[in-house]
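Top line first, the protein sequences correspond to chains A and B. Using the numbering used here, the first residue of the first sequence is number 1195, and each one after it goes up by one. Using the numbering used here, the first residue of the second sequence is number 1195, and each one after it goes up by one. For glycine and all other residues, C-beta sits at the position ideal for the given N, C-alpha and C. Source: prediction; values computed, not measured. Remarks on the structure that follows.
2 protein chains.
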Amino acid sequence: MKFKGIMVICDGMGDRPHPGHGGKTPLEAAETPFMDRLADQGIVGFMDVISPGIPPGSDVAHLSLFGYDPYEYYTGRGGFEAVGAGLTLSPGDVAFRCNFASVKEDFTVMDRRAGRIREEAEKMVPAIREIKLDVEGLTYEFHHTVEHRGVLVLHGDNLSRQVSDTDPHKVGERVLRSAPLEEGVAAERTAEALNQFTLKSYEVLRNHPVNLNRIKQGKPPANIILSRGAGTLPKLQPIPQKYGVKASAIAAVALVRGVCKVVGMDLIDVPSATGGLDTDYSAKAEAALRSLKENDLTILHVKATDVASHDGDFEMKRHVIEKIDDMVGTIFRNVKGSDVYVAVTADHTTPVTVRDHTGDPVPFLLWGPGTLRSGVGRFCERTARNGNAGRIRGPDLIHELMNYMGFSQKFGF
Amino acid sequence: MKFKGIMVICDGMGDRPHPGHGGKTPLEAAETPFMDRLADQGIVGFMDVISPGIPPGSDVAHLSLFGYDPYEYYTGRGGFEAVGAGLTLSPGDVAFRCNFASVKEDFTVMDRRAGRIREEAEKMVPAIREIKLDVEGLTYEFHHTVEHRGVLVLHGDNLSRQVSDTDPHKVGERVLRSAPLEEGVAAERTAEALNQFTLKSYEVLRNHPVNLNRIKQGKPPANIILSRGAGTLPKLQPIPQKYGVKASAIAAVALVRGVCKVVGMDLIDVPSATGGLDTDYSAKAEAALRSLKENDLTILHVKATDVASHDGDFEMKRHVIEKIDDMVGTIFRNVKGSDVYVAVTADHTTPVTVRDHTGDPVPFLLWGPGTLRSGVGRFCERTARNGNAGRIRGPDLIHELMNYMGFSQKFGF
């Protein structure tokens, strides 16, 4: 017998006790009747998404949650970002995340986001695409994505993702020369191409009419493209082959969409789901329920918990968690009594006191027919540590879900 | 100081809450005063015999329980099956599990067990052994084991276990051609030999007097040998060297006997222990107690729990578990007050609702002098998840046992 499953991933939901809120975490402070109920009736535990104490990036975290050991499969962020932006990568291509930025004539960075330029960036793309790179057998693609962001993809044989960023990641510092991070001609060629692209982007942008107009208006010009996070496509067995399931993902964030696409999930677009604090939770729940009809496994990713965490906003995070609980409630009301499994977890901990990812384990629950009742009452970081599923690693949860859904493969006879 | 130990392995004993039995598992429904007592006084936890969510086969599960990581040491089922049937394998030999089966002239399988032929199969073995294989430097052995089953061993240099089965595993399908599953001449030679053997088995069996007689009686002829589960001997350090213990095993099932033998245990025969639901539990307990005099470690395997599980028979499984508890009681009464350690666990979960192995963790207990009292009261899947030993992996339990028995080797100085 085969069953269906939904995995809800609440980005950065894990947290720490907050001294200003009676020592509660946002998840403890929130009213979450539905997650509490699933946790109480199902199995509950805590998970090191990578390994104890290691803070996961969102890309690495999702790879791990989908069952791929990131130490074996992670090949940089750029590839996921490019695929998430809708580009098609070939094996060997190297992709970078880019920013439209403002630099002085001596290449000192004044604004890494060029005054948070938005639509105007798109108007400068044709000029950027005029750039010719003088590296044999190498071509490139450049795309503007959202706001001040873009993606650069280098196509060609003998490239390497082992090159350093041109983005200094800090205002007041000079643009960096990309350097090869490993021996061999591949990394040298890649760094050379990136340096040429960076320098030439300044040449074509500095006097671009859009920028001349921005300067007239007192806005910082978007006069250079800074690149970071070189990445390639990882070589992995996609989820439909790995587990024998048809899988889909509901996610608004380009990076997460990229990981989902690369591992072989179909992306479901929910126009009102923004990836921000204003996302449409009930539209996401409805889309997940519809997806169940056609798919065995559906991933439902919510970014807003992480946004509130990076803002250090306890009350907003509590509010977002309550919205997520409503969303889980909509799912619960529609699947109870059927044979659908629901897992809820986070991709990492982002304490509002730290405002960045940390390496604390995250809570998880797994609910459905035949799961042993934990009886923990509530779903939070504290009960998870005394739950009935103990402490697991990131790739274990999807294997446990596949086991209950009837898709796991026996090892041996 | 060195102490003695018994590990009781209840095949497939782990289960899930059963909706038809008040949400209890068979282990929860059974009266198990002795296992409860050992669990309460000893340490209790839950174990992923391979890793979370991965359903173990019996061979892989036992390798893991004996301390060998199956991802490193598992080399297919055939080798264990052959050794379990009493054959001697050399390194490099490739062994297969075989069935006497019935096929039509176009090699469509009519009955994978040839009407569950038993003693008559033995009478056809001399004819089978007349088969000549035309593959250079290669010889073979064929043995009938029990019922419709047999074992084929290919001897010779340059063989490979990476070949596919000839058994289609399904009635109404054609006998398969074995194909190499890896590059190179070794797999090609092995597949070629297996294909010759299969075809020639049909030639020597189709008009065999035993079969002509069976046809006259309206029984399906046993006119072909189907093979599956190619395996070699794993290269491993046997238990006497690995742990410094003299070890014995009481097990009726050929596959489990094979694993025990391959890892260097002495097999103890208990004629009234059948491997079935009618096995003689008290004779097994008595044999284990006798074995303690000559051995440091004794493995006591009971198959009946798995038989009841595959039959989907909750009441029978409950009954078998109570018989096992009596058996544990006999051991307990004889060893209490001495320095004998007792561990009880399962090799995998086989829920009666699923009727097949699943990847759920199994409960375990470890009792003896110096173990920290868990105070869980009862021994079951639920208490194990909240026990005082947490969640461990298959190879960990025997190491914990060796530690208490005083046989573990210090790592470092």
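Residue j beta carbon less than 9 angstroms from that of residue i
i, j, result
"T1543(B)", "M1201(B)", "no"
"F1274(A)", "V1456(A)", "yes"
"M1599(B)", "V1439(B)", "yes"
"M1521(A)", "Y1475(A)", "yes"
"I1525(A)", "A1479(A)", "yes"
"A1446(A)", "H1504(A)", "no"
"S1421(A)", "A1381(A)", "no"
"A1448(B)", "I1462(B)", "no"
"H1551(B)", "G1251(B)", "yes"
"A1279(A)", "H1337(A)", "yes"
"F1259(B)", "L1560(B)", "Going by the sequence as given, residue 1259(B) is Leu instead of Phe. No, the Cβ-Cβ distance between L1259(B) and L1560(B) is not below 9 angstroms."
"R1383(A)", "V1329(A)", "yes"
"R1512(A)", "A1224(A)", "yes"
"G1261(B)", "K1394(B)", "no"
"V1243(A)", "P1555(A)", "yes"
"A1537(B)", "G1239(B)", "no"
"A1481(A)", "G1458(A)", "no"
"F1573(B)", "T1226(B)", "yes"
Buried versus exposed, by CB contacts within 10 Å (16 or more), residue i
i, result
"E1324(B)", "exposed"
"N1293(B)", "buried"
"H1363(A)", "exposed"
"I1203(B)", "buried"
"M1195(B)", "exposed"
"T1499(B)", "buried"
"F1607(B)", "exposed"
"P1557(B)", "buried"
"L1370(A)", "buried"
"F1391(A)", "buried"
"L1406(B)", "exposed"
"K1218(B)", "buried"
"V1534(A)", "buried"
"L1566(A)", "buried"
"H1164(B)", "Any property of residue 1164(B) remains undetermined from this structure, which presents chain B solely from 1195 to 1607."
"R1310(A)", "exposed"
"R1549(A)", "exposed"
Candidates the options: closest to residue i by CA position
i, options, result
"I1419(A)", "G1425(A), Y1396(A), V1404(A), R1408(A)", "Y1396(A)"
"V1570(B)", "G1236(B), D1205(B), P1220(B), A1223(B)", "G1236(B)"
"R1587(B)", "G1199(B), K1198(B), Y1265(B), A1308(B)", "Y1265(B)"
"R1291(A)", "D1520(A), V1347(A), L1559(A)", "V1347(A)"
"A1430(A)", "P1249(A), L1257(A), D1209(A)", "Note on identity: in this sequence residue 1430(A) is Leu, with Ala being the wrong assignment. Checked all of P1249(A), L1257(A), D1209(A); the closest Cα to L1430(A) is L1257(A)."
"E1386(B)", "G1606(B), K1326(B), L1427(B)", "K1326(B)"
"G1199(A)", "D1554(A), F1605(A), P1555(A), L1483(A)", "L1483(A)"
"G1452(B)", "R1549(B), I1518(B), R1306(B), A1289(B)", "A1289(B)"
"T1426(A)", "G1562(A), L1281(A), Q1411(A), D1460(A)", "L1281(A)"
"G1270(A)", "D1541(A), D1230(A), V1357(A), E1367(A)", "V1357(A)"
"P1428(B)", "V1277(B), Q1603(B), S1245(B)", "V1277(B)"
"D1234(A)", "D1463(A), H1593(A), S1568(A)", "S1568(A)"
"A1308(A)", "C1454(A), R1400(A), N1389(A)", "R1400(A)"
"K1530(A)", "G1506(A), P1563(A), P1555(A)", "P1563(A)"
"K1517(A)", "H1215(A), K1497(A), H1212(A)", "K1497(A)"
"S1284(B)", "D1351(B), D1541(B), L1221(B), V1345(B)", "D1351(B)"
"A1315(B)", "Y1334(B), L1375(B), A1416(B), P1227(B)", "A1416(B)"
"R1368(B)", "P1227(B), V1379(B), A1295(B)", "A1295(B)"
"R1312(A)", "E1299(A), R1343(A), G1506(A)", "R1343(A)"
"G1208(A)", "L1595(A), T1333(A), T1547(A), G1412(A)", "T1547(A)"
8 angstroms contact criterion, which residue i and residue j should meet: CB distance rounded
i, j, result
"D1287(A)", "H1349(A)", "5 angstroms"
"D1637(A)", "P1414(A)", "This structure gives no information on residue 1637(A), because the portion of chain A shown stretches from 1195 to 1607."
"N1597(A)", "G1206(B)", "Not really, about 15 angstroms apart at Cβ, beyond 8 angstroms."
"R1210(A)", "P1589(A)", "So it is not a contact: roughly 25 angstroms between Cβ atoms."
"V1303(A)", "G1366(A)", "7 angstroms"
"E1222(B)", "R1527(B)", "With 8 angstroms as the limit, E1222(B) and R1527(B) do not qualify as a contact, their Cβ atoms being about 24 angstroms apart."
"P1320(B)", "K1604(A)", "That belief does not hold up - the Cβ atoms of P1320(B) and K1604(A) are roughly 36 angstroms apart, past 8 angstroms."
**Request:** For the segment 1229-1248 of chain B, enumerate the residues whose C-beta is nearer than 9 angstroms to any C-beta of chain A, in chain order.
**Result:** Result list: G1239, F1240, D1242, I1244, S1245, P1246, G1247, I1248.
**Item:** Interface residues of the segment 1584-1604 of chain A facing chain B [CB-CB below 9 angstroms]
**Value:** Cβ contacts with chain B: G1584, R1585, I1586, R1587, P1589, D1590, L1591, I1592, H1593, E1594, L1595, M1596, N1597, Y1598, G1600, S1602, Q1603, K1604.
**Item:** Residues of the segment 1561-1580 of chain B with Cβ closer than 7 angstroms to any Cβ of chain A, in chain order
**Value:** So the close ones are E1575, R1576, R1579, N1580.
**Contacting positions in the segment 1341-1374 of chain B - beta carbon closer than 9 angstroms to chain A** = Within the segment 1341-1374 of chain B, not one residue has a Cβ closer than 9 angstroms to any Cβ of chain A.
**Prompt:** Which residues, taken in chain order from the segment 1262-1289 of chain B, show a beta carbon closer than 8 angstroms to some beta carbon of chain A?
**Reply:** Against chain A - using a Cβ distance shorter than 8 angstroms - the residues of the segment 1262-1289 of chain B are P1264, Y1268, R1271.
**Request:** With 7 angstroms as the limit, tell me which residues of the segment 1201-1218 of chain B have their beta carbon closer than that to any beta carbon of chain A; keep them in chain order.
**Result:** The segment 1201-1218 of chain B vs chain A, Cβ under 7 angstroms: R1210, P1211.
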